[in-house]
Amino acid sequence: MRRAATSPSSTATASGWQRWGRSSNSPGSPVDYRDKVVVVTGASSGIGAVTARAFAERGSVVVGVARREELLEKLARECQARSPASGYLAGDLGERPFAERVVDETVRRHGRLDILINNAAISKHKQFYHMTADEAEYVMRVNFLSCVWTTMAAIPHMLRQGGGTVVNISSFAAKVSPPRETMYAASKAAMNAFTEGLWNDLAGSNIHVSVINPGPIDTEIWLKEDEPVAYQGPKYPAQIVTDAIFEAIEKRRHELTVPKRNPMLLAARFLRLFVPSLLRFGVARMEPVPAEIVEQARARAAKGKRLGDLDER
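Here you go:
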């Protein structure tokens, strides 16, 4: 677990949190992000990288977290141009010890943690018949459990310092499960339920919790799919998610969906609420499971094979 160099003189102070606390109690009040300590997971690219840079531009001490150290090093240099104490931690958030160390090491270095952005996510876009149990578990560990682990590690520190903010980056897939994204959708739905529960559990603590549900965002996750994706529509810039994060913090929003006026998302939300059976029918028609896929799975099952245990392996 390594980081870029930071400056001890830039460490945030406790008095900074007290100023933050007064502002955060008044939704819509200006927020002074200078010297706030911010952890952004999944920071090596996409939403995480854009968000990390935005906090650094506002004067926050940013700790970027991801697996790809070479990209984190580049991001850290960019952030340090505006916020010299910024750095990074490289490792696998799917492993609980590292997820917990991210928070503890951040507090050890900077004395506090003001804002936690849980953004790390992976996708295994494939037929469920082709998914192994190990793959399913790893999606849940990275997308959902890492969020639980970092949040549980952060809450005691935030309680001691008088408050804080946790923003979880979910997905519209939590509302409508796309074809061949069952585990991804399940992990994001779990994140939404977790955030909703935290909203109740942390009432009165001055720890604000938000969840953002992005629609199709133009990030490299689309390039890492195991099988071609069904969705061929427009994709939106990561900046709209970053803007939603700041809106959630400054206006104390609990849940935001972006883009806000996308016709597809609006129609899906309406159908999910009022005609869920029609929505399920529409999603199934979007990409029907080929009959040969079902027959191949049935043939493998007859041989005693598990899901994901393909003949060619």
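Our numbering applies: residue 423 is where the sequence shown begins, and numbers increase by one. Glycine is no exception: its CB is placed at the ideal position from the N, C-alpha and C atoms. Note that the structure is predicted; figures quoted are calculated from it, not measured.
C-alpha gap between residue i and residue j, whole angstroms
i    : j    : result
R735 : F668 : In this predicted model, R735 has a pLDDT of only 46, less than 50, meaning its place in the structure is not dependable enough to derive any value.
R475 : P659 : 15 Å
N447 : R675 : In this prediction, N447 scores a pLDDT of 47, lower than 50, which makes its location untrustworthy; the coordinate-derived value is nonetheless stated afterwards. One C-alpha to the other measures close to 12 Å.
R683 : K496 : 34 Å
M553 : R563 : 15 Å
E709 : R702 : 12 Å
A706 : A713 : 13 Å
I662 : A670 : 12 Å
L515 : M574 : 14 Å
R728 : A615 : 30 Å
E527 : A488 : 15 Å
E717 : V461 : 47 Å
A576 : V711 : 42 Å
G585 : I591 : 20 Å
L581 : I629 : 8 Å
S545 : V570 : 18 Å
G486 : A611 : 25 Å
V561 : T587 : 25 Å
G619 : V633 : 11 Å
Buried versus exposed call for residue i [16 or more other C-beta atoms within 10 Å across all chains shown]
i    : result
H532 : buried
L695 : exposed
N622 : exposed
A625 : exposed
K725 : exposed
A666 : buried
A521 : buried
G470 : buried
Beta-carbon proximity check, residue i vs residue j, cutoff 8 Å
i    : j    : result
F550 : T604 : yes
V484 : S466 : no
L537 : K657 : According to the sequence shown, residue 537 is Ile rather than Leu. Going by C-beta atoms, I537 is not nearer than 8 Å to K657.
N736 : S593 : Nothing about residue 736 can be reported from this structure: the residues present for the chain run from 423 to 735 only.
A542 : G481 : no
G468 : T641 : yes
G637 : P681 : yes
L494 : A512 : yes
H579 : V525 : yes
Own chain, CB closer than 7 Å to residue i, minus 5 neighbours either side, in chain order
i    : result
A719 : Y551
I715 : Q549 and Y551
S609 : V561, M562, N565 and F566
Chain-order list of residues whose beta-carbon lies under 6 Å from that of residue i (same chain, five-residue window excluded)
i    : result
A607 : A595 and S599
Q502 : S508
T664 : V472, T473 and A476
R456 : G481
A558 : M605
Expected contact under 8 Å - CB spacing of residue i and residue j to nearest Å
i    : j    : result
K548 : R602 : 6 Å
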